[in-house]
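See structure below.
Numbering (my numbering), first residue to last: 637 to 884.
Next comes the structure, spelled out in structure tokens:
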């Protein structure tokens, strides 16, 4: 049972980076790819319909960590507290920029919230990179150091490439091309998560919740798994080839 929940956690973590990774990457490159307000509108319209569905992966990931690996959840929150706070703040700033950028007129208003979207996306990538490095290093007491910064910058660059690939695919005129490139970038974005899970497998399996707890958790969660998968399929079928929304 512990192996099943470890694999579930690994799939959720890899899926989060593969899917939410392109949202983060587009946000990071918002001003580099969108030199004008209209161009930035197109970029945001390209990725915004996927944001909420992709963030569900992170919510599910946190639930699995809390329910199936409670000891590691407490240890991670205590050792990585500054990084977790930075991650949450960046998440709030990114989403605020996404939702508020078109809530009022004026170039200054749009510029401020576009800046929040870009800064929050960069903060998410940097915080996640530092967290992954800290996890591989067995949660050091001082997670903010040179390896953490290097990991953050590396993940920032990787997700920026993923976002650029997604933007090229989503905004292509005429018949869609570049699907293979998008799949490749998604796999690359998920690769750090897969490597981290492989490196920490023994430690996580040794700190899983008791089998009785995992069995109860399975009864509670398994019926909702098809809903999560079905929602993802619906979002991609609905928005991947349709017109870009202007609500965002």
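Quick reminder that beta carbons are idealized off the backbone N, C-alpha and C, glycines included.
- Using a Cβ distance threshold of 9 Å, residue 828 and residue 791 count as a contacting pair.
- With fewer than 16 other Cβ atoms inside 10 Å of its own Cβ, residue 721 counts as exposed.
- Beyond the five residues adjoining it in sequence on each side, residue 807 comes within less than 7 Å, by CB distance, of 678 and 682 in the same chain, given in chain order.
- Close CB contacts of residue 825 within its chain, under the 7 Å cut and outside five residues either way in sequence, are with 653, 654, 657, 794, 795 and 798 (chain order).
- Judged by pairs of C-beta atoms under 8 Å, the region 722 to 733 touches the region 742 to 757, as three or more such pairs exist.
- In this chain, the alpha helix (DSSP H) harbouring residue 647 covers 638 to 664.
- The Cβ neighbour count for residue 778, taken over all protein chains shown within 10 Å, is under 16; the residue is labelled exposed.
- Excluding its 5 nearest sequence neighbours in each direction, residue 648 has C-beta neighbours in its own chain below 7 Å: 693, 696, 697 and 700, listed in chain order.
- Secondary structure note for residue 753: its alpha helix (DSSP H) is the uninterrupted segment 743 to 772.
- Residues of the same chain with a CB within less than 6 Å of the CB of residue 822, apart from the 5 flanking positions on each side, are 654 in chain order.
- Closest in C-alpha terms to residue 675, from the list 746, 705, 707 and 714, comes 746.
- Contact between the region 827 to 845 and the region 639 to 648 is present: 3 or more CB-CB pairs across the two stretches fall below 8 Å.
- DSSP places residue 678 within a helical segment (H, G or I) once states are collapsed to three.
- Here residue 690 has 652, 655, 656 and 659 as same chain residues with Cβ atoms under 8 Å from its own Cβ, once five neighbours each way along the sequence are excluded.
- Between the alpha carbons of residue 765 and residue 738 lies a distance of about 30 Å.
- At least 9 Å separates the beta-carbon of residue 686 from that of residue 805.
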